[in-house]
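Below: one structure, written as structure tokens.
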Amino acid sequence: MYDRVRQSQLQIILDNAMPAAWPDKDDHELLERIQDGNGQAFAALVERHSDRFYRLAYRYLQSKEAAEDVVQDAFLKLWENPALWQPQRNSKFTTWFYRVVVNLCLDLRKRKRPAPLDDETSVIDERQPADEMMIRAQEQNALEKAIGTLPERQRTALNLCFDLELTNQEAAEIMGVRLKALQSLIMRAKTTLKERMKDYL
Amino acid sequence: MNGNRDEKLDNMLRSRRVEPAGADLAQRIILKARSLPQAPHISFWDSMRQLFAEFHLPKPGYVLASALILGVVIGFSTPQDRSPIAEESSASVQGFLAADETLL
Chain W
3 MYDRVRQSQL QIILDNAMPA AWPDKDDHEL LERIQDGNGQ AFAALVERHS DRFYRLAYRY
63 LQSKEAAEDV VQDAFLKLWE NPALWQPQRN SKFTTWFYRV VVNLCLDLRK RKRPAPLDDE
123 TSVIDERQPA DEMMIRAQEQ NALEKAIGTL PERQRTALNL CFDLELTNQE AAEIMGVRLK
183 ALQSLIMRAK TTLKERMKDY L
Chain H
22 MNGNRDEKLD NMLRSRRVEP AGADLAQRII LKARSLPQAP HISFWDSMRQ LFAEFHLPKP
82 GYVLASALIL GVVIGFSTPQ DRSPIAEESS ASVQGFLAAD ETLL
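Protein chains in written order, with my numbering: chain W, 3 to 203; chain H, 22 to 125.
Okay, structure coming up:
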């Protein structure tokens with residue numbers, strides 16, 4: 003018991019002494035340290051990846067707060083139970099974690115329908131002239147609405163390939179489908195979008 | 022024409038905007054994690070050791086349990102009673118029952 007207390011005290015001291023970012027450590031190494039209870043490795047992993055997973059969650063949920071909550075939940079699950087990550091079963095941390103985040107987003111969406119996107123919620127780039135801004139905002143709004151009507155798998159494929167700029171192979175791996183199936187999903191999604199966005203294209 | 026539409030759609034898909042996350046998102050997650058205990062990583066052998074530890078008995082307990090097991094083993098391994106006294110009592114019971122049957 004005493005040893006365990008001493009060990010955790012020592013861990014805290016070590017955690018505080020180490021630098022927050024470990025650019026020389028890859029995700030696998032950080033995860034191994036997290037499995038040993040190293041908080042600093044966890045901090046480095048969160049700082050490295052939280053933005054990209056937030057971006058994915060935002061695409062699904064269209065809400066900053068909800069997306070932040072999902073990313074937080076996903077990382078805290080990993081911290082609480084680092085054995086969830088099994089390097090022998092998962093090729094790449096990000097591939098596995100994208101799947102975790104997507105599943106959390108889908109669960110949340112099942113429980114709570116997202117608020118419909120209206121003109122006020124579209125994000126406007128303030129560096130553009132007013133007219134162009136208006137047109138861009140309308141375009142974005144129409145695109146988001148059109149994407150919102152796509153089947154779940156087509157939407158996921160689009161988000162992974164276009165928004166997160168993953169390769170088709172990575173996206174297929176995350177979705178657990180063959181490369182050809184992913185390409186077919188993207189093609190069908192784009193055909194539908196072209197039809198629905200014809201006024202803007 | 023169709024190629025232009027494809028290209029424009031691709032550009033639109035690539036330039037979809039995202040409301041940026043709070044600047045302190047990572048810090049919030051890290052801070053929250055500090056207040057959460059981490060589930061210990063337990064291997065198969067550790068879990069087996071724990072399971073056996075659950076059945077740990079104090080020494081008198083072992084003596085009592087051993088005596089009990091020994092008693093049960095000896096009880097079952099002893100052959101049925103075939104002593105002359107037992108056979109005699111069995112014969113008298115049979116005789117008593119047979120006498121009842123002749124009356125009926």
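For every residue, glycine included, the Cβ atom is placed at its ideal position computed from N, Cα and C.
Values in this document were obtained by computation on a predicted structure and should not be read as measured data.
By how many angstroms is the C-alpha of F73/H removed from the C-alpha of E154/W?
Cα-Cα distance, rounded: 48 Å.
What beta strand (DSSP E) runs, 3 residues minimum, are completely inside the stretch 16 to 77 of chain W?
You should have found no qualifying run.
Taking beta-carbon pairs under 8 Å, can you tell me which members of the stretch 154 to 168 of chain W lie near chain H?
Result list: L160, F164, D165 and E167.
What residues in the stretch 43 to 71 of chain W bring their beta carbon closer than 8 Å to a beta carbon of chain H?
Per Cβ criterion, the list reads F44, A45, V48, E49, S52, D53, Y56, R57, Y60, R61, K66, A69 and E70.
Would you call E175/W buried or exposed, if buried means 16 or more other Cβ atoms sit within 10 Å of its Cβ?
Answer is buried; the Cβ neighbour count reaches 16.
Cutting at 7 Å between CB atoms, please list the residues of its own chain near T194/W, excluding the five before and the five after it.
The answer, listed in chain order, is L152.
Would you say E122/W faces chain H, with C-beta separation under 8 Å as the test?
Because E122/W sits at a pLDDT of 46, beneath the cut-off of 50, its placement in the model cannot be relied upon, and the point is left open.
Is I222/W buried or exposed, if buried means 16 or more other CB atoms sit within 10 Å of its CB?
There is no way to answer for residue 222/W, as the model of chain W reaches only from 3 to 203.
Residues in the same chain with beta-carbon distance under 6 Å from L168/W, minus the five sequence neighbours each way, listed in chain order, please.
The answer, listed in chain order, is L162.
Only counting the same chain, and skipping five residues up and downstream in sequence, which positions put a Cβ closer than 6 Å to that of A76/W?
Result list for A76/W: V102, V103 and L106, in chain order.
Near A69/W, what residues of its chain come up, given a Cβ to Cβ distance below 7 Å and the 5 sequence neighbours on each side ignored?
Cβ within range, chain order: Y56, A59, Y60 and L63.
Does the CB of M33/H have a neighbour CB from chain W at under 8 Å?
Closer than 8 Å to some Cβ of chain W, the Cβ of M33/H qualifies, so yes.
In chain order, what residues of the stretch 47 to 65 of chain H put their CB closer than 9 Å to some CB of chain W?
Hits within the stretch, in order: A47, Q48, R49, I50, I51, K53, A54, R55, L57, P58, Q59, A60, P61, H62 and I63.
Return the CA-CA distance between D28/W and K94/W, expressed in angstroms with no decimal places.
Cα-Cα distance, rounded: 11 Å.
Buried or exposed for P199/W, please, with buried defined as at least 16 other CB atoms from any protein chain shown within 10 angstroms of its CB.
First, the amino acid is wrong: residue 199/W is Met here, not Pro. Label assigned to M199/W: buried.
Which runs of the alpha helix (DSSP H) fall wholly inside the stretch 31 to 75 of chain H and span at least 4 residues, in chain order?
Fully enclosed alpha helix (DSSP H) runs of 4 or longer: 46 to 55 and 65 to 75.
Compute the beta-carbon to beta-carbon distance between R35/H and F164/W, rounded to the nearest angstrom, for a pair I have assumed lies under 8 Å.
Yes, R35/H and F164/W are in contact; Cβ-Cβ is about 5 Å, under 8 Å.
Hey, is R26/H's beta-carbon within less than 8 Å of any beta-carbon in chain W?
For R26/H, the answer is yes, since a Cβ of chain W falls inside 8 Å of its Cβ.
For chain H, check one thing: does any of its Cβ atoms lie closer than 8 Å to the Cβ of E141/W?
Chain H contact via Cβ: present.
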